[in-house]
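Take a look at the structure below.
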Amino acid sequence: MTTSTELHVVLGGTGAAGRAIVGALAHLGKSVRAVSRTDRGGWPDGVAWHGADLTKRDDLRPVLSDASVVYMAAQPAYDRWPEEFPALIEHVLSALPSPDTRLVMVDNLYPYGPVDGPIHEHLPSAATDRKGRVRAEVARRLLSAHEAGQARVAIGRAADFYGPGVEASVADLNFFRKIAAGQAVQWPARLDVPHSLTYIRDYGRALALLGTREAALGQVWHVPASEALTGRAFIELVARQANVPAKPGVLPKTAVRLAGLFNRMAREFGEMFYEFERPYVLDGSRFAAAFDFAPTPHDVAARETLAWLRAHGSGTVATPAVAGRVP
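Every letter in the sequence shown is one number past the one before it in this note's numbering, and letter 249, counting from 1, is 233.
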């Protein structure tokens, strides 16, 4: 267990995952430093922001010099992972102030590749796509650093994010804006297969646990998500909370392939399309049992996300059908 005098440094603090981790740590009364290239403001009390370019060791060392726990929530551009992710991890490892420093890695389910059945921590890293392979390589490097006594590492894996601040995800803020405005939204591949989604605030709470529990170290953990819904069911759930009719549609693979001819991000997304063509169900039972952790129900999380959009003036969001907590 950590103490309140320890400094928790969140690299990539302005991203959705970084913000969620910062918020969870601040809620626990921890001393927190958020690090990113630019400051977007709006930090909770007790949080200090520091600017740094994480690709430069000379920038990293000063912001990590007094860190007890480091959360790696930064990542290269989506289409630059193979070229830049391994080097970025080496920069962070080399800048840690001590072998006793805890390093908590933000991660996803890409290393496993296509899976039949629930996705649990004991599956092999069998991905054949570029992004899955590099994520697996990064995880292996971090765990080897732990075994070698270079750092004390924990890895927290999640499904696709949704919630306050989440962009560039299948159920991102634009997805919520469109539903709230009564517009149609497209779900990749199939509307009728279950697909796990991780509420970003749950992920922040979970990563804060990994950074403050000795039992978490040296392991990969799957952060629990609420029940895996079909794309249609999730769109309908969000529409109910926004008090509007649901208008689900399908984004076919052919459309993504065509877009990929002209747009590199669409091309990268097409590589991961398999996630939506079959059930994609995260098993977070091991984490839930170890840390007595329960994820936020999707209806509550959807209400909180819509409330966040209203509070931040991000598009037109109707009054929800059921009053929820306003963050």
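Just so it is clear, CB atoms sit at the ideal spot from N, CA and C, and this is done for glycine as well. No experiment lies behind these values; they were computed from the predicted model shown.
ask   = Should the stretch 164 to 183 be called in touch with the stretch 214 to 232, which here means at least 3 C-beta pairs below 8 Å?
value = yes
ask   = Among residues of its own chain, excluding the 5 on either side of L194, which ones have a beta-carbon nearer than 6 Å to its beta-carbon?
value = V88, A138, G140 and A200
inquiry  = Using only the alpha-carbon positions, how far apart do A285 and F160 sit?
reply    = 12 Å
key: Per-residue DSSP class, three states only, for A165   = coil
query = Under 7 Å between the Cβ atoms of R41 and H75?
reply = yes
ask   = Roughly how many whole angstroms lie between the Cα atoms of N227 and L77?
value = 48 Å
ask   = Just how far apart, CA to CA, sit A250 and E259?
value = 15 Å
inquiry  = Contact between the stretch 66 to 75 and the stretch 114 to 124 is defined here as three or more beta-carbon pairs at a separation below 8 Å; is this criterion met?
reply    = yes
task = Using beta-carbon positions only, say whether A8 and R189 come within less than 7 Å of one another.
result = yes
ask   = Can you list, in chain order, the stretches of the alpha helix (DSSP H) that have 4 or more residues and sit fully within the stretch 245 to 270?
value = 248 to 255
query = Which residue from V53, A61, R86 and L48 puts its Cα closest to that of V202?
reply = Just to set this straight, residue 202 is Gly in the shown sequence, not Val. With distances taken between Cα atoms, G202 lies closest to R86.
ask   = Hey, which unbroken runs of the alpha helix (DSSP H) at 4 residues or more fall wholly within the stretch 214 to 243?
value = 215 to 226
request  = Specify, as a first and last residue, the run of the alpha helix (DSSP H) that A79 falls within.
outcome  = W65 to A79
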